[in-house]
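One structure below.
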Amino acid sequence: QIYYFWFVIYSHYNFTFSGTAVNGYLSGAQVFLDFNLNNQLDDGEPFGFSTENGGFEMEVTEETIQLHDLNGNGRIDPEEGMLVVSGGIDQSSNLPLSTTYRAPPNYSVITAVSTVIAELVEAGRPLEESENIVAEYLSLPDNIEFSSFEPLREVFTQEQEAQEFILRATQLANLFSEGSRYLEMTTANKVDRAQGSEIIVSALKDQI
Numbered sequence: 029q030i031y032y033f034w035f036v037i038y039s040h041y042n043f044t045f046s047g048t049a050v051n052g053y054l055s056g057a058q059v060f061l062d063f064n065l066n067n068q069l070d071d072g073e074p075f076g077f078s079t080e081n082g083g084f085e086m087e088v089t090e091e092t093i094q095l096h097d098l099n100g101n102g103r104i105d106p107e108e109g110m111l112v113v114s115g116g117i118d119q120s121s122n123l124p125l126s127t128t129y130r131a132p133p134n135y136s137v138i139t140a141v142s143t144v145i146a147e148l149v150e151a152g153r154p155l156e157e158s159e160n161i162v163a164e165y166l167s168l169p170d171n172i173e174f175s176s177f178e179p180l181r182e183v184f185t186q187e188q189e190a191q192e193f194i195l196r197a198t199q200l201a202n203l204f205s206e207g208s209r210y211l212e213m214t215t216a217n218k219v220d221r222a223q224g225s226e227i228i229v230s231a232l233k234d235q236i
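Heads up, the sequence shown stops at 236 in this note's numbering, and the numbers go up one at a time, no gaps.
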């Protein structure tokens with residue numbers, strides 16, 4: 029049985045990030061801004077936790093934004109930080125999230141799809157080019173705006189696009205989960221689930 033979830037994050041000018049985990053609400057998931065792009069929460073990186081209904085709030089001080097805004101454009105760009113989601117319990121299945129998901133900092137939705145896009149961006153490709161590459165590789169419709177496309181909401185106005193997105197995102201999420209489980213078992217736990225997921229995402233990046 030496959031369980032799939034995604035995050036909706038809303039960014040405000042006061043540098044407060046709030047959102048909800050839906051379609052299998054994640055309770056106690058950690059959401060943070062990964063400034064050094066190591067996919068781990070380090071000292072000084074802002075973070076928040078999701079509640080039982082999947083909602084969370086993360087505040088980022090202006091001083092923190094200015095410190096990491098290396099090009100001085102007033103925002104955090106992909107080369108300056110990524111949004112990361114880890115941990116938590118999927119309320120629909122009672123199973124823990126053993127992998128991580130990422131997205132460029134301007135995204136309002138984090139999914140398995142955005143994780144692959146983030147991997148391409150971190151490898152040096154422009155954001156728009158990365159989105160186009162992933163859309164073509166996954167055979168997704170051209171009119172999907174990855175940064176804000178939330179399938180459950182869009183299913184009422186873009187039913188076909190939402191269904192296709194959910195299918196591909198679910199396939200990716202299952203690949204990350206089951207693939208990382210396989211790597212953990214075959215390496216006698218020398219590679220944990222989070223590390224295994226990163227290996228799979230990197231391999232996908234190389235393939236596409």
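Yeah, the Cβ is synthetic: ideal placement off N, Cα and C, and Gly gets one too. If you're wondering where the values come from, they're calculated on a predicted model, not measured in any experiment.
Residue i (DSSP reduced to helix, strand or coil)
i, result
"Val-50", "For Val-50, the predicted structure reports a pLDDT of 49, less than 50, and the residue's modelled location is therefore unreliable. A value from the coordinates is still provided. Of the three classes helix, strand and coil, the one that applies to Val-50 here is strand, per DSSP."
"Asp-220", "coil"
"Phe-174", "coil"
"Leu-61", "strand"
"Gln-235", "helix"
"Arg-103", "coil"
"Ser-230", "helix"
"Ser-55", "strand"
"Asn-66", "coil"
"Phe-204", "helix"
"Val-162", "helix"
"Phe-193", "helix"
"Leu-180", "helix"
Straight-line Cα distance separating residue j from residue i
i, j, result
"Met-243", "Ser-114", "Here the chain comprises residues numbered 29 to 236, so residue 243 is not present and cannot be evaluated."
"Gly-116", "Glu-150", "25 angstroms"
"Val-88", "Gln-94", "10 angstroms"
"Glu-107", "Gln-58", "21 angstroms"
"Gly-72", "Gly-102", "19 angstroms"
"Ile-37", "Thr-215", "Residue confidence for Ile-37 is low, a pLDDT of 49 falling below 50, so the modelled location carries little weight; the figure read from the coordinates is stated next. Roughly 35 angstroms between the two C-alpha positions."
"Ala-146", "Thr-139", "10 angstroms"
"Asp-62", "Glu-157", "22 angstroms"
"Ala-197", "Leu-98", "32 angstroms"
"Ile-104", "Pro-74", "13 angstroms"
"Asp-118", "Lys-218", "26 angstroms"
"Thr-241", "Pro-169", "Missing from the structure shown is residue 241; the chain here goes from 29 to 236 and no further."
"Glu-192", "Gly-100", "38 angstroms"
Beta bridge counterpart(s) of residue i as assigned by DSSP
i, result
"Pro-154", "Beta-bridge pairing links Pro-154 to no other residue."
"Ala-131", "Leu-111"
"Pro-124", "Ile-117"
"Phe-75", "Phe-60"
Taking 8 angstroms as the threshold, find out whether the region 123-140 comes into contact with the region 56-68 through three or more Cβ pairs.
-> yes
Between the region 206-223 and the region 145-165, do at least 3 Cβ pairs fall closer than 8 angstroms?
-> no
Does the region 133-143 come close enough to the region 168-185 that 3 or more CB-CB pairs lie under 8 angstroms?
-> yes
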